[in-house]
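A.B. asks: According to the numbering used here, the stretch in the sequence shown is residues 51 to 398, in order.
Backbone N, C-alpha and C fix where the C-beta goes; we use that ideal spot for every residue, glycine too.
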Amino acid sequence: MSLEQELNQHAGLKAIFDAAMVDIEKAGRPDELEAARVKYLGRKSELSLLLRSIPELPQEERPVVGKLGNQLRAHLEQSLADRRQELEGGELEARLAAERVDITLPGQPFPQGHLHLITQTMWEIEDIFTGLGYRIAEGPEVETDYYNFTALNTPEGHPARSEHDTFFIEGHPDLLLRTQTSPVQVRVMEKEEPPIYIISPGKVYRRDSDATHTPMFQQVEGLAVDRNVTMADLKGTLETFTKAMFGAQREIRMRPHFFPFTEPSVEIDVSCLICGGSGCRACKNSGWLEILGAGMVDPNVFDFVDYDVDEVQGFAFGMGVERIAMLKHRMTDIRMFYDNDLRLLGQF
Ligand code: DAH
């Protein structure tokens, strides 16, 4: 016999059952369901009062009310719990439906930055040389007179040491903003023995400002010291670099030059990126564009770091990163890099 049929034995309990089941079924929200719970199972509900009054009931009614009353309570608790679950499930479904997001809609675009062309160029140069087995070495931007000039065989009285060319630190006549990344050569050689294969990227400073010079710019220095290093190694290395940077069809040439810390010294030109060498305005009809300075390390520099000049030789080179980027991207004014005009920078 089902509980419902059994309840026919007691009209009061049956009435509670009927009313409660209707209200529980009708409850459409959690708060309505809670109201039904209080009404039918709360301390002051008809059922609770009835169960509490059992001792006062006539003898023969007590077991019926006790047994059926408790079964009814259990049944109502179960029905409430079932209905609550139904409502919560329904609520979740309703929320999911209401908050549904159409993930196929296009997103909201937002402006995205990227690396500055100079950083990109710097990283490209670093990639090429680290691929050739060079390691990156860095040094301070505020440098001593000794590392920036003296140990690089640049004696007192050299024009680069003049206040017109170099930023000195006030009150410290021995300190300056490095004018080149070459001092890192000396710092590395002081600490380490050959073989040495390093490049040294970084900022340098000069009292210069025009279409092809900014007071701050970037250089990458290179140094290779080993046994049996010749100028052919220098040329091969820089030719490899040039082709990787500017394209496999590029040629290079060496032109005699002077640097205090290399002997002999050269400047390296690349065949014109625009006319390919036949002559145009960009290369002033020469067919060549200058890209960097280089040479065989001067024995005097090796003396400063106590290397045995009879045992080792080396070559060195130094390039301006802005210059490389300008040539590669055909820019005419170095100051454009630092105007922070996104219409320009965004193109690269
Ligand atoms: N330091 C030179 C400059 O700033 C560039 C340079 C030329 C570096 C020749 C070198 C080199 O190491 O061998 O103009």
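With respect to the alpha helix (DSSP H) encompassing ILE104, which residues constitute its N-terminal and C-terminal limits?
C.D. replies: First-last for ILE104: undefined, no H or E at that position.
A.B. asks: Report the start-end ranges of each beta strand (DSSP E) in the stretch 277-364 that is 3 residues or longer and not cut off at the edges.
C.D. replies: Qualifying beta strand (DSSP E) stretches, in chain order: 302-309, 312-321 and 338-347.
A.B. asks: ALA344 and PHE367 - do their beta-carbons sit closer together than 8 Å?
C.D. replies: Yes.
A.B. asks: Can you look up LEU377 in the DSSP assignment and give me helix, strand or coil?
C.D. replies: In the structure shown, LEU377 sits in a helix (DSSP, three-state: H, G or I).
A.B. asks: Determine the closest residue to ASP215 out of LEU226, VAL72 and GLY272, with distance taken between C-alpha atoms.
C.D. replies: It is LEU226 whose Cα lies nearest to the Cα of ASP215.
A.B. asks: Give me the residue from GLU75, ASN198, ALA147 and ILE175 with the minimum Cα distance to PRO310.
C.D. replies: PRO310 has its Cα closest to that of ASN198, out of GLU75, ASN198, ALA147 and ILE175.
A.B. asks: Since I believe ASP348 is in contact with ASN203 (beta carbons under 8 Å), could you give me their beta-carbon distance rounded to a whole number of angstroms?
C.D. replies: About 5 Å; that satisfies the 8 Å criterion.
A.B. asks: Using CA atoms only, rank isn't needed, just tell me which of PHE218, PRO108 and GLY207 is closest to VAL192.
C.D. replies: Looking at the Cα atoms, PHE218 is the closest of the given residues.
A.B. asks: Give me whichever residues DSSP pairs with ASP260 in a beta bridge.
C.D. replies: According to DSSP, which records beta bridges pairwise, ASP260 is partnered with HIS263.
A.B. asks: Closer than 7 Å to a non-hydrogen atom of ligand 1 - does that hold for the CB of THR312?
C.D. replies: Flag set: Cβ of THR312 near ligand 1.
A.B. asks: The beta strand (DSSP E) with GLY62 in it runs from where to where?
C.D. replies: Per DSSP, GLY62 belongs to no beta strand (DSSP E); it is in the alpha helix (DSSP H), 61-76.
A.B. asks: So, are the CB atoms of GLU176 and PRO233 less than 8 Å apart?
C.D. replies: Contact: no.
A.B. asks: Can you list, in chain order, the residues of its chain whose CB lies under 8 Å from that of ILE246, leaving out five sequence neighbours each side?
C.D. replies: Excluding positions up to five away in sequence, the list reads VAL238, MET239, LEU273, ALA274, VAL275, ASP276 and GLY364.
A.B. asks: Since I believe ARG257 is in contact with PRO244 (beta carbons under 8 Å), could you give me their beta-carbon distance rounded to a whole number of angstroms?
C.D. replies: PRO244 to ARG257, Cβ: 35 Å. No contact.
A.B. asks: Which first and last residues belong to the beta strand (DSSP E) in which ASP132 is found?
C.D. replies: Where ASP132 is concerned, there is no enclosing beta strand (DSSP E), although the alpha helix (DSSP H) it sits in stretches over 111-148.
A.B. asks: Helix, strand or coil: how does DSSP classify GLN268 here?
C.D. replies: Strand.
A.B. asks: Tell me whether GLY345, by its Cβ, gets closer than 7 Å to a heavy atom of ligand 1.
C.D. replies: Yes, Cβ of GLY345 sits closer than 7 Å to a heavy atom of ligand 1.
A.B. asks: Following the continuous beta strand (DSSP E) through GLY181, name the residue where it begins and the one where it ends.
C.D. replies: Where GLY181 is concerned, there is no enclosing beta strand (DSSP E), although the alpha helix (DSSP H) it sits in stretches over 167-181.
A.B. asks: Taking contact to mean 3 or more Cβ pairs, one atom from each stretch, closer than 8 Å, check whether the stretch 115-128 and the stretch 66-86 are in contact.
C.D. replies: At 8 Å Cβ cutoff, the stretches touch.
A.B. asks: What three-state label does DSSP hand ILE232 in the structure shown?
C.D. replies: The sequence shown places Ser at residue 232, rather than the Ile named in the question. DSSP places SER232 in coil when its eight states are reduced to three.
A.B. asks: In the DSSP assignment, find the unbroken alpha helix (DSSP H) run with PRO80 in it and report its ends.
C.D. replies: PRO80 -> alpha helix (DSSP H) spans 80-91.
A.B. asks: Whether or not the stretch 128-144 and the stretch 103-116 are in contact is what I'm after, with contact meaning three or more pairs of Cβ atoms, one per stretch, closer than 8 Å; do they touch?
C.D. replies: Segments in contact, no.
A.B. asks: If we ignore side chains and look at the alpha-carbon of each, how far apart do ARG93 and GLY78 end up?
C.D. replies: So the alpha carbons of these two residues sit roughly 23 Å apart.
A.B. asks: Out of PHE354, GLU220 and LEU288, which has the shortest C-alpha to C-alpha gap to GLU340?
C.D. replies: For the residues PHE354, GLU220 and LEU288, the minimum Cα distance to GLU340 belongs to LEU288.
A.B. asks: Looking at the structure shown, is ASP195 part of a helix, part of a strand, or coil, going by DSSP?
C.D. replies: ASP195: helix per DSSP, three-state reduction.
A.B. asks: For GLY368, verify whether its CB is less than 7 Å away from any heavy atom of ligand 1.
C.D. replies: Yes, since a heavy atom of ligand 1 falls inside the 7 Å radius drawn around the Cβ of GLY368.
A.B. asks: With a CB to CB cut of under 6 Å and the five nearest residues on each side skipped, what residues in its chain are close to GLU23?
C.D. replies: There is no way to answer for residue 23, as the model of the chain reaches only from 51 to 398.
A.B. asks: With a threshold of 7 Å (Cβ to nearest heavy atom), would GLN170 be considered close to ligand 1?
C.D. replies: No - ligand 1 has no heavy atom lying nearer than 7 Å to the Cβ of GLN170.
A.B. asks: Assuming GLY327 contacts SER321 under a Cβ cut-off of 8 Å, what Cβ separation, rounded to an integer in Å, is found between them?
C.D. replies: About 4 Å separates the two Cβ atoms, so the contact holds.
A.B. asks: Where DSSP assigns a beta bridge to LEU225, which residues make up the other side?
C.D. replies: Note: LEU225 sits in a beta bridge opposite THR194.
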